[in-house]
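Engineer: One structure, pasted below without further comment.
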Amino acid sequence: MLDWFFVSPAERRLLGTSRLGGPTPWVIAIMSFSIVLIAATGLALASTAGLLSRAIEARYALEVPGGGANLDVLVQAVRSTPGVTRVEAVPESEMRKTLERWLGPAARSGELPVPALVNFDVTNGASLNAVQQRAQGIASGARVVSHRDSVGPLLRSLTLLQSVAFGLVLLLSAAASAAVVLAARGALDTHRFTIEVMHGIGATDLQVTHLFQRKIAIDALIGSVAGALAAGLVLLLLASGASFAGELTGGATLGAGDLLILAALPFALTLLATWVARSAVLRTLREAL
Amino acid sequence: MAAVAEFDSVGLRYGTGAEVLRDLDFRLRTGAFYFLTGPSGAGKTSLLKLLYLAQRPTRGRIRLFGEELSEAPREELPPFRRRIGVVFQDFRLVRHLSAFDNVALPLRVAGAADEDVEGPVREMLAWVGLADRASARPPTLSGGEQQRVAIARAVINRPELLVADEPTGNVDADMANRLMGLFTALNRLGTTVVVATHDVGLINATPGAQLIRLENGTVIDPTGTLRNPPRPPRGAA
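Going line by line, the protein sequences match chains A and B.
Just so we're aligned: the first sequence equals residues -15 to 273 in my numbering.
Just so we're aligned: the second sequence equals residues 125 to 361 in my numbering.
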């Protein structure tokens, strides 16, 4: 199956020995670099979205307008509702402290209505209606809010960004393929004479194609691995100084599966380039007698 | 006797131009030796191209080795091309390959292993007097040396049909005789030889060879059979 790749030195000499002289490995290296970085971004986004989604899946908040003077009683009422597992009160003062980061002293103004919150997790079968009814018996305006509803737009944005990343990977792969087609045609032009001689003495299209296929496969392999290694280095640098990003993403990292996908990308790009080169060369050769 | 090639009402034109070859009707007998002559522009090279399958006729039929190949799919042609050795007028050597690799090319294309290539190629290079130039590349060889490499490449595979376009044009008389000796030897072993040449001396020095004369794109042969060349004069070397 890979006979065409392992050829004798004599066959290698047929297309000359130049390596890394042309632009193909460099173009593919740049494409591979970009593809790996974008794919890593997409996978990290997917990981973040997954973490976030799992974290808020069973989390709700009891919103208590007016600050919740009876916050302790409310917390007790929520805690005693069947199916509620974890309860955490966020008093109005703490909410205002949090808002102060964005609003400044205005957050302390009494004119700004700030509710108190009681965050709680539920297990399957818990009745949110029961929580709300108990809470409304203590504070009339209290209502249960799903964290999933609050964070929904963010999750949708993350999904959209993943799609954009996937689309960019496809676009860059298509651009790399186009570069390979141009390189293959250039190589055919350069070696037209050799091809004519080979055809003249009875070489088949496949024999000629294998020579070009091998050359482009090697160029693509060198370029894509080099580009992926450079991208890996950049990712390592980013990861080592990513405490800020870690805070934002809740510590989302690339898992072993993600790393495997990233490691496979340069080889997938090589396979794509080889297949594209083979098709382009065969198509061009068929135009001759 | 069996024919290695049969031309039946063959015509050839390039693009939309006038026919460069027309109404070609002849057979090349297996194992015979032919000289193709005629003035420049008569169509000798075009006729050779039809013979070594570098060109398809625009009309008529060509049978090679008993097979109708005028309209054969291109993927069916390589096995037939491997049975033909060609000496091009412009040598057509691959510039970045050594003389050795150029001569070895037909064997490698035919799938010969490296160990089966070394001996025959060295022997052939020695035969054409280039044993010590095996690693030289064509640009560093003289015209005559390049021609000898081209001839060695054409005959290395012991082709059934050998087609040569002015094969002795760049070599001295001594080497020309030597090369014609090689062609004659191959012919005796059964190879059909077709040599396009202007060199009357060469024709005269090859008794038994037949002559195909082309003029204005067609074979001039009023009797309908190929004529024998003139015998060398008595006492001539």
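Ideal Cβ positions, reconstructed from N, Cα and C, are used throughout, including at glycine.
Using a Cβ-Cβ cutoff of 8 Å, what residues of the stretch 184 to 210 of chain A are near chain B? List them in chain order.
Structural biologist: Answer set for the stretch 184 to 210 of chain A: Gly184, Ile185, Gly186, Ala187, Thr188, Asp189, Gln191.
Engineer: Please report the distance separating the alpha-carbon of B/Glu242 from that of A/Pro(-7).
Structural biologist: Along the second sequence, read from residue 1 onward, the residue named residue 242 of chain B stands at position 118. Along the first sequence, read from residue 1 onward, the residue named residue -7 of chain A stands at position 9. Roughly 14 Å separates the two Cα atoms.
Engineer: Under the assumption that B/Gly184 contacts B/Val134 (Cβ atoms under 8 Å), give the Cβ distance between them as a whole number of angstroms.
Structural biologist: The count along the second sequence starts at 1 and reaches residue 184 of chain B at position 60. The count along the second sequence starts at 1 and reaches residue 134 of chain B at position 10. Between B/Val134 and B/Gly184 the Cβ distance is about 3 Å, and since that is below 8 Å, they are a contact.
Engineer: Using 8 Å as the Cβ pair cut-off and three pairs as the minimum, do the stretch 227 to 243 of chain B and the stretch 272 to 280 of chain B touch?
Structural biologist: Yes, they touch.
Engineer: Contact criterion: CB-CB distance below 7 Å. Does B/Arg183 meet it with respect to chain C?
Structural biologist: Absence of chain C from the displayed structure is noted, the protein chains being A and B.
Engineer: Can you name, in chain order, every residue of its own chain whose Cβ lies under 7 Å from the Cβ of A/Thr258, other than the five neighbours on each side?
Structural biologist: Taking the first sequence and counting its residues from 1, the one referred to as residue 258 of chain A is at position 274. Closer than 7 Å at the Cβ level, and outside the excluded window around A/Thr258, lie Gln197, Ile200, Ala201, Ala204.
Engineer: To be precise: take each residue of the stretch 235 to 261 of chain B, compare its Cβ to all Cβ atoms of chain A, and keep it if any distance is under 7 Å. Which residues remain?
Structural biologist: Under the 7 Å Cβ criterion, the stretch 235 to 261 of chain B contributes Asp238.
Engineer: Check B/Gly165 in the structure and name its three-state DSSP category.
Structural biologist: The residue labelled residue 165 of chain B in the question sits at position 41 within the second sequence. Residue state, collapsed to three classes: coil.
Engineer: Quick one, are the C-beta atoms of B/Val318 and B/Leu160 less than 7 Å apart?
Structural biologist: The residue you call residue 318 of chain B lines up with position 194 of the second sequence. The residue you call residue 160 of chain B lines up with position 36 of the second sequence. Cβ atoms of B/Val318 and B/Leu160: closer than 7 Å.
Engineer: Can a CB atom of chain A be found closer than 7 Å to the CB of B/Val128?
Structural biologist: Residue mapping note: residue 128 of chain B aligns to position 4 of the second sequence, counting from 1. By this cut-off, B/Val128 is not an interface position.
Engineer: Provide the residue(s) that pair with B/Arg183 in DSSP beta bridges, ordered along the chain.
Structural biologist: Translated into the one-based positions of the second sequence, residue 183 of chain B becomes position 59. B/Arg183 pairs with B/Gly135.
Engineer: Indicate the three-state DSSP secondary structure (helix, strand or coil) for A/Ser124 in the structure shown.
Structural biologist: Locating residue 124 of chain A in the first sequence gives position 140, counting from the first residue. The answer is coil: DSSP assigns A/Ser124 none of H, G, I, E or B.
Engineer: Whole alpha helix (DSSP H) runs in the stretch 266 to 325 of chain B with 4 or more residues, listed along the chain?
Structural biologist: Within the stretch 266 to 325 of chain B, the complete alpha helix (DSSP H) runs of at least 4 residues are 267 to 279, 297 to 312.
Engineer: Can you name the residues of chain B whose CB is closer than 8 Å to the CB of A/Gly0?
Structural biologist: Counting from one through the first sequence, the residue named residue 0 of chain A turns up at place 16. What A/Gly0 touches in chain B: His220.
Engineer: Could you pull the DSSP bridge partners for A/Asp105 from this structure?
Structural biologist: In the first sequence, residue 105 of chain A corresponds to position 121, counting from 1. Paired residue(s): A/Arg43, A/Arg70.
Engineer: Let me know if A/Ala168 comes out buried or exposed under the rule of 16 or more other beta-carbons within 10 Å of its beta-carbon.
Structural biologist: The sequence position of residue 168 of chain A within the first sequence is 184, counting from 1. A/Ala168 comes out buried.
Engineer: Which residues of chain A have a Cβ atom closer than 8 Å to the Cβ of B/Arg205, listed in chain order?
Structural biologist: Taking the first residue of the second sequence as position 1, residue 205 of chain B is located at position 81. Per Cβ cutoff of 8 Å: His183, Gly184, Ile185, Gly186.
Engineer: With DSSP run on the structure shown, which of helix, strand or coil describes A/Gly26?
Structural biologist: Locating residue 26 of chain A in the first sequence gives position 42, where the first residue counts as 1. Reduced to three states, the DSSP call for A/Gly26 is helix.
Engineer: Could you pull out every residue in the same chain whose Cβ sits closer than 6 Å to the Cβ of A/Val209, ignoring the five residues on either side in sequence?
Structural biologist: Sequence index remark: in the first sequence, residue 209 of chain A carries index 225 (1-based). Pro250.
Engineer: Relative to chain A, which residues along the stretch 273 to 296 of chain B have a C-beta separation below 7 Å, given in chain order?
Structural biologist: Within the stretch 273 to 296 of chain B, no residue qualifies.
Engineer: Using beta carbons (cut-off 7 Å, strictly below), is A/Ser(-8) in contact with chain B?
Structural biologist: Here residue -8 of chain A refers to the residue found at position 8 when the first sequence is read from its first residue. It does: the Cβ of A/Ser(-8) has a partner Cβ on chain B nearer than 7 Å.
Engineer: On the DSSP letters alone, give me the boundaries of the alpha helix (DSSP H) that A/Glu(-5) sits inside.
Structural biologist: Indexing the first sequence from 1 puts residue -5 of chain A at position 11. Its alpha helix (DSSP H) spans residues -7 to -3.
Engineer: In terms of DSSP beta bridges, what is B/Ile208 paired with?
Structural biologist: Indexing the second sequence from 1 puts residue 208 of chain B at position 84. According to DSSP, which records beta bridges pairwise, B/Ile208 is partnered with B/Leu285.
Engineer: Residues of chain A with CB under 9 Å from B/Glu195, in chain order?
Structural biologist: Position 71 of the second sequence, counted from the first residue, corresponds to residue 195 of chain B. Within chain A, no residue comes near B/Glu195; the closest Cβ sits about 12 Å away, beyond 9 Å.
Engineer: On the criterion of 16 or more Cβ atoms from any shown chain inside 10 Å, does B/Arg216 qualify as buried, or is it exposed?
Structural biologist: On the second sequence, residue 216 of chain B is found 92 positions in, with the first residue counted as 1. B/Arg216 comes out buried.
Engineer: Is any beta-carbon of chain A found at less than 7 Å from that of B/Val319?
Structural biologist: Here residue 319 of chain B is taken as the residue at index 195 of the second sequence, counted from 1. For B/Val319, the answer is no, since every Cβ of chain A falls outside 7 Å of its Cβ.
Engineer: Can you name the start and end residues of the beta strand (DSSP E) that B/Val144 belongs to?
Structural biologist: On the second sequence, position 20 is the one that residue 144 of chain B refers to. 143 to 153 is the span of the beta strand (DSSP E), which, as asked, contains B/Val144.
Engineer: Assign A/Thr178 to one of two classes, buried (16 or more other C-beta atoms within 10 Å of its C-beta) or exposed (fewer than that).
Structural biologist: Here residue 178 of chain A refers to the residue found at position 194 of the first sequence. A/Thr178 should be labelled buried.
Engineer: Please confirm if B/Val343 has its CB atom under 7 Å from at least one CB of chain A.
Structural biologist: Taking the first residue of the second sequence as position 1, residue 343 of chain B is located at position 219. Closer than 7 Å: no.
Engineer: Quick one: Cα of A/Ala212 to Cα of A/Val218, how far?
Structural biologist: Stepping through the first sequence from its first residue, residue 212 of chain A is reached at position 228. Stepping through the first sequence from its first residue, residue 218 of chain A is reached at position 234. C-alpha separation (whole angstroms): 10 Å.
Engineer: Pull the bridge partners of B/Leu338 from the DSSP assignment, please.
Structural biologist: For the purposes of this step, residue 338 of chain B is taken as residue 214 along the second sequence, with counting starting at 1. Answer by DSSP bridge pairing, in chain order: B/Val343.
Engineer: When we look at the beta-carbon of B/Ile344 and count the other beta-carbons within 10 Å, is it buried (16 or more) or exposed?
Structural biologist: Walking along the second sequence from the start, residue 344 of chain B turns up at place 220. Classification of B/Ile344: exposed, given that the 10 Å Cβ count is below 16.
Engineer: Report the partner residues of B/Leu160 according to the DSSP bridge assignment.
Structural biologist: Walking along the second sequence from the start, residue 160 of chain B turns up at place 36. Paired residues: B/Ala320, B/Ile336.
Engineer: Between A/Thr178 and chain B, is the shortest Cβ-Cβ distance under 7 Å, so that the two count as touching?
Structural biologist: Counted from its first residue, the first sequence places residue 178 of chain A at position 194. Output row for A/Thr178: interface = yes.
Engineer: Would you say B/Pro263 lies against chain A (beta-carbon separation less than 7 Å)?
Structural biologist: The residue labelled residue 263 of chain B in the question sits at position 139 within the second sequence. No, no contact with chain A.
Engineer: Give the single residue among B/Glu269, B/Arg261, B/Ala236 whose Cα lies nearest to the Cα of B/Val450.
Structural biologist: Given a span of 125 to 361 for chain B in the structure shown, any question on residue 450 of chain B remains unanswerable.
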